[in-house]
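J.: Quick one: this structure, given as structure tokens, is what I'll be asking you about.
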């Protein structure tokens, strides 16, 4: 009897009176209905597809490529993103390009039509992480940003500009439109590429200037060395809310707040034009947030209904044989509702491109052909140098047919 | 029906409920995958977006090639004019393989108008100049006098531009791309031919990605 009050069915009478058996085989029906409902609503536990094991070699790049190959299809973009960032910082540009081209192909293919993974993610009984990872807007922006600087490095400023434009389009606040396209560098670099291609980049420059209080240097068509710099640690995601249905960001401010490049007796300022922590937390609402909220409400409601029904079943059972039928019905309904509630998964997707920087910076300068010894230095918010991150770099300007692109990251090891 | 029969039947029902509906691949879309199928390049596949795709390339370059062949400077030329391909400029938001457009136009022209146009391979100039120097130095044999300048000058330059307008809202993404190609007289800078094609696409991704 007590087990009903506690929501269990363990003490259902095994030898019920014949009157009940003639009407309802309580134990068997309850079990069969419960299990049938469970498997219907959960769609069964899917066997994990076999994946090749990752044999770690100790070489970060080799291991990262192995992780990409071994990743589940829905997670592949995430591993490709991480690998690409690591490859960039190690100067393995061809490897980074290959991964980013695949990522961008996936991002661009999201309009292909019915997406089964996305449909499951929207369903009540699968978490959001069922969908193919393409990242939040700031993550998609960074995939295009990194690919853009690689195109520029290859002497294709028009394709680089295309990447910066696509990045800006992905920084869209579909619901409130308040924080749409507020990156400084995406507009600035688009305009610079246009200027270098002989066009008028002034509109893009004006948009970039409107999004920052920092001084933005005017375009210099004679500049032949483009320095893309990044520092600080980017945001991490976590799930909040009663059922983890709310996507939140852990955005601890970085100790590094600015950088300077010392080259040819010059000090080139590298201020933090863009802040990914800010971009992550000001993305505006997502349509998926509403879906997850609905799932959370459904989960809570079915849980409450289940609890109510099982309580009612216990009360009905206590009221004697005449209410045994009602007790059984309520018990079954309660169990089903509880099962449905337990199976409902409103958890937000917290998969994160976790090796992104916090700050993006850029500088364009003119250097004579040849090899130049330089030094990159990083500073904290008070302007104090952070010697542990400062290092010497060599800038080789040897191709006069197109700009020399230099990529410097505080996160390089 | 007695109790034993009823329990037995119910147990069978239970077993059926357990085993019958629960396929390991339940809910998996295309669990066996989709066999590779060959498609025509001008067909729209099931994988795509609003950017430049193979069917756009085919449509546009076919149109351009047909149009070029009809202009008097090509159709009525006494000797096949020499054309240099200049890189296409991408002014859209889609990073693309730019060479592929001119490559396809060139191959269409060569295929459909054999002998009526000739293309100069300026990408090879460095290699060709190096080979000429080897011949001039006597390091390799030559079937003709290597000191005679035989590299052809261009009669026309063929180039193009892709420009786009993108719009995004809660209703979806829309991309319009204008493809323009032109043939410029190398001597006078006159544009002797120009043609364009425009393609617009729109779509809306699944709510899970919005």
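Protein chains in written order, with the working numbering: chain P, 589 to 1001; chain U, 10 to 219. The beta carbon of each residue, even a glycine, is placed where N, CA and C say it ideally should be. Quick caveat: nothing in here was measured; it's all calculated off a predicted structure.
(1) Would you kindly work out how many angstroms separate the C-alpha atoms of residue 134 of chain U and residue 798 of chain P, rounded to a whole number?
(2) Distance check for residue 862 of chain P and residue 201 of chain U, CA to CA, integer angstroms please.
(3) Locate the beta strand (DSSP E) running through residue 824 of chain P, then write down its first and last residues.
(4) Determine the extent of the beta strand (DSSP E) in which residue 979 of chain P is found, giving its start and end residues.
(5) For residue 202 of chain U, which three-state DSSP category applies?
(6) With DSSP run on the structure shown, which of helix, strand or coil describes residue 211 of chain U?
(7) Examine chain P for any beta-carbon lying closer than 9 Å to the beta-carbon of residue 147 of chain U, and answer yes or no.
(8) By the 10 Å Cβ neighbour count, where 16 or more other Cβ atoms means buried, how is residue 685 of chain P classified, buried or exposed?
(9) Anything in the region 98-116 of chain U with a Cβ closer than 8 Å to a Cβ of chain P? List those residues in chain order, please.
(10) For the region 177-210 of chain U, which residues have a CB atom closer than 9 Å to at least one CB atom of chain P, in sequence order?
(11) When DSSP labels each residue in this structure, what does residue 687 of chain P get in the three-state scheme?
(12) Can you pull out the residues from the region 813-847 of chain P whose beta carbon lies closer than 8 Å to at least one beta carbon of chain U?
(13) Return yes when the Cβ of residue 145 of chain U is within less than 9 Å of the Cβ of residue 73 of chain U, no when it is not.
(14) With DSSP as the reference, label residue 905 of chain P as helix, strand or coil.
(15) Thinking residue 856 of chain P and residue 864 of chain P are a contact (beta carbons under 8 Å), I'd like their distance in whole angstroms, please.
(16) In terms of DSSP beta bridges, what is residue 100 of chain U paired with?
(17) Starting from residue 784 of chain P, find everything on chain U with Cβ-Cβ shorter than 8 Å and list it in chain order.
(18) Here's the rule I'm using: 16 or more other beta-carbon atoms within 10 Å means buried, otherwise exposed. How should residue 733 of chain P be labelled?
(19) Going by the beta-carbon positions, is the gap between residue 713 of chain P and residue 914 of chain P smaller than 9 Å?
(20) Closer than 9 Å by beta-carbon distance: list the chain U residues that pair up with residue 739 of chain P, in chain order.
(21) So is residue 164 of chain U in contact with chain P if we call contact Cβ pairs under 9 Å?
(22) Return the bridge partner residues of residue 185 of chain U from the DSSP annotation.
(23) What separation, rounded to the nearest whole angstrom, lies between the Cα atoms of residue 749 of chain P and residue 187 of chain U?
(24) Counting C-beta neighbours from all protein chains within 10 Å, is the total for residue 101 of chain U 16 or more, i.e. buried, or is it exposed?
(25) Could you tell me which chain P residues have their CB closer than 8 Å to the CB of residue 219 of chain U, listed as they occur along the chain?
(26) So if I threshold CB-CB distances at 8 Å, which residues from the region 57-74 of chain U count as touching chain P?
(27) Nearest to residue 106 of chain U by CA position, among P/689, P/775, P/969, is which residue?
(28) Can you grab the Cα-Cα spacing for the pair residue 651 of chain P / residue 804 of chain P, in whole Å?
(29) In chain U, what lies closer than 7 Å to residue 801 of chain P by C-beta?
(30) Can you tell me where the beta strand (DSSP E) holding residue 964 of chain P begins and where it ends?
(31) Mind listing the chain P neighbours of residue 138 of chain U? Cutoff is C-beta to C-beta under 9 Å, in chain order.
(32) So, using beta-carbon positions, are residue 982 of chain P and residue 962 of chain P closer together than 9 Å?
(33) What's the gap between the Cα of residue 14 of chain U and the Cα of residue 908 of chain P?
(34) Give the DSSP bridge partners of residue 165 of chain U, in chain order.
(35) Where do the N-terminal and C-terminal ends of the alpha helix (DSSP H) with residue 780 of chain P fall, by residue?
(36) Where does residue 713 of chain P fall in DSSP's three states?
T.: Taking the definition as stated:
(1) 46 Å
(2) 47 Å
(3) 824-828
(4) 979-985
(5) strand
(6) strand
(7) no
(8) buried
(9) 98, 99, 100, 101, 102, 103, 104, 105, 107
(10) 177, 178, 179, 181, 182, 210
(11) helix
(12) none
(13) no
(14) helix
(15) Incorrect: roughly 22 Å between the Cβ atoms, too far for contact.
(16) U/172
(17) Those do not exist, as residue 784 of chain P stays about 12 Å from chain U at its closest Cβ, beyond 8 Å.
(18) buried
(19) no
(20) 104
(21) no
(22) U/174, U/209
(23) 17 Å
(24) buried
(25) 762, 874, 875, 876
(26) 57, 58, 59, 60
(27) P/689
(28) 40 Å
(29) What residue 801 of chain P touches in chain U: nothing, since even the nearest Cβ is about 27 Å away.
(30) 958-968
(31) Here the premise fails: no neighbours, minimum Cβ distance about 16 Å.
(32) yes
(33) Confidence at residue 14 of chain U is low in this model, with a pLDDT of 48, below 50, so the placement of that residue should be treated as unreliable; the coordinate-derived value is given next. About 28 Å.
(34) U/92, U/194
(35) 772-784
(36) coil
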